[in-house]
Amino acid sequence: MSSHAYVTVNVFTDVRFGGNPLAVFPDAAGLTDAQMQTLAREFNYSETTFVLPPADPRHTARVRIFTPTTELPFAGHPNVGTGYVLASRATALPEHFTFEEGSGLVRVHILKGADGRPNGARVSAPHSLSIGTAVPTETAAACASLESEDIATMAHEPLVASVGFPFVIAEVTSIAALSRAIPDVAAFRRAVHAIDALAGQLNLLLYVRVDGDATRLRARVFAPLAGVLEDPATGSASAALAALLTSLAPGDNVDLAYDIFQGEELGRPSRLLATARKTPEGPVLATVAGTCVGVMRGHVEV
477 MSSHAYVTVN VFTDVRFGGN PLAVFPDAAG LTDAQMQTLA REFNYSETTF
527 VLPPADPRHT ARVRIFTPTT ELPFAGHPNV GTGYVLASRA TALPEHFTFE
577 EGSGLVRVHI LKGADGRPNG ARVSAPHSLS IGTAVPTETA AACASLESED
627 IATMAHEPLV ASVGFPFVIA EVTSIAALSR AIPDVAAFRR AVHAIDALAG
677 QLNLLLYVRV DGDATRLRAR VFAPLAGVLE DPATGSASAA LAALLTSLAP
727 GDNVDLAYDI FQGEELGRPS RLLATARKTP EGPVLATVAG TCVGVMRGHV
777 EV
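Numbering (this note's numbering), first residue to last: 477 to 778.
In C-alpha cells, the structure reads:
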C-alpha cells in the first residue's frame, strides 16, 4: 500500500463548516484512475481534486477533478480550493497558477488577506461563453419539482450555457419558488433521454434576482446524474450565469460583477463573486472568485 496526504477546505466562505467542502490530494502521483474515483467516492464531496506533474513544465500542475461518480473536465470550486491549498504550501507566494485540465488551461489568481497570506482565489474560465440548446420550460420545472409558472422567461428561456462545463440555466420567479425546488431524479433521466443535445448530462442551475437586482442573485444547482443531488456552491455554474447575463445586458461594451449566494438551503451558506465582460470585438469571458478556510488534513492508504 502507498500513503497519500490530503487536505480539506471549505470554499466560497470565510467561516469554517460553511461553503462547499473540497478534498485536495496535493501529490497524487502514483494513483490510478480507479483509485482516484474510489477516493472521491469515499470523501463523497461534490468534488475531490488530484494534483499531478504538468505535461508542460511551464505550467504549475495537471489537476484532475472527480465527483463521487465521474471525472469532470472543469469546475470552479475545485480550482479555487486547489489554488488556495497549493498557495498555502508554497515557500514563495505566487501571483497565479496555471492548471492543465480536461477543458484546457485554467488560470488561477491567488487572493491575499490583510496579513499577506493566501485566503482564496479567482479562476478565469477556460472558455468564452457558448450557448447551446433551449430546454422546454416544463422540462426544467419538472426537474426541480416546480410548476412551469415558477420559471421566468422574460430575460431568457431555460437553456444550456457553458464557459468550460455545461449547465441548464433557468430563472425562477421568486425566492419562495427557489426554496421550494427539489430535484426529481426521474425527471432528470427523462430529460436526457428526450433531448439528444444534452449528450446524456443535465446539471440544472436555478437563480433569482434579489430585490430585482440583476447583479445580486441567489442560486441553487442540482446535478443528481453526476452523483451530486445538490451542490452548496458551484463556481463553473456561477461563471456561466455571469457570462450569460452579461451577454444579454444592453450595450456592446459591458463589464459586470455579480454577487451570488448559494447553499442556504443546505445549511452551507456560500458567496461567489463572478465577473463577465463583453466587447464588440470578442467573446464573453468570465471569472469566479471566493475565499477559503482550511478544515482537515491527513493521510489515506491505498
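No residue lacks a Cβ here, since even glycine has one placed at the ideal position from N, Cα and C.
Relative to the alpha-carbon of residue i, which residue among the options has its alpha-carbon at the smallest distance?
i           : options               : result
residue 581 : 553, 543, 640 and 771 : 640
residue 579 : 552, 764 and 742      : 552
residue 631 : 688, 489, 652 and 563 : 688
residue 542 : 626, 486, 719 and 525 : 525
residue 737 : 478, 482 and 488      : 488
residue 505 : 603, 566 and 530      : 530
residue 772 : 498, 749, 490 and 756 : 498
residue 696 : 756, 648 and 603      : 648
residue 517 : 702, 770 and 758      : 702
residue 655 : 676, 621, 675 and 508 : 621
residue 603 : 490, 594, 577 and 619 : 577
residue 750 : 718, 678 and 674      : 718
residue 432 : 769, 642, 670 and 624 : This structure gives no information on residue 432, because the portion of the chain shown stretches from 477 to 778.
residue 483 : 501, 528, 675 and 679 : 501
residue 556 : 657, 753 and 715      : 715
residue 769 : 495, 481 and 513      : 495
residue 700 : 546, 690, 754 and 528 : 546
residue 758 : 728, 778 and 741      : 728
Since residue i contacts residue j with CB under 8 Å, what's their CB separation in whole angstroms?
i           : j           : result
residue 735 : residue 692 : 5 Å
residue 663 : residue 762 : That pair is no contact at about 29 Å.
residue 636 : residue 611 : 7 Å
residue 760 : residue 723 : 5 Å
residue 585 : residue 565 : Wrong, their Cβ atoms sit about 17 Å apart, outside the cutoff.
residue 616 : residue 644 : 6 Å
residue 765 : residue 608 : At roughly 25 Å, the Cβ-Cβ gap does not stay under 8 Å, so residue 765 and residue 608 are not in contact.
residue 776 : residue 515 : 6 Å
From the DSSP output, which residues share a beta bridge with residue i?
i           : result
residue 486 : 497 and 769
residue 638 : 606 and 642
residue 704 : 699
residue 548 : 541
residue 518 : Looking at the DSSP assignment, residue 518 forms no beta bridge with any residue, so it has no partner.
Any heavy atom of the ligand FMN closer than 7 Å to the beta-carbon of residue i?
i           : result
residue 618 : This structure simply doesn't include the ligand FMN, nor any ligand for that matter.
Query raised in the report: Is there contact between the segment 570-581 and the segment 528-538, where contact requires at least three CB pairs shorter than 8 Å?
Result: yes
Query raised in the report: Enumerated in chain order, which unbroken segments of the beta strand (DSSP E) with a length of 3 residues or greater are wholly contained in the segment 732-774?
Result: 746-754
Query - Contained beta strand (DSSP E) runs [length at least 3] in the segment 667-700, N- to C-terminal order - result: 680-686 and 689-699
Query raised in the report: Would the segment 582-593 and the segment 740-747 be scored as touching if the rule is three or more Cβ pairs under 8 Å?
Result: no
Query raised in the report: How about the segment 708-718 and the segment 628-635: do they share at least three Cβ pairs that are nearer than 8 Å?
Result: no
Report task. Run through the segment 572-635 for me and flag every whole beta strand (DSSP E) of 3 or more residues, listed as ranges in chain order. Result -> 572-577, 580-588, 594-600 and 606-610
Query raised in the report: Below 8 Å, can you find three or more Cβ-Cβ pairs linking the segment 510-525 to the segment 544-551?
Result: yes
Query - Start-end ranges of the alpha helix (DSSP H) lying completely within the segment 708-734, minimum 4 residues - result: 711-724
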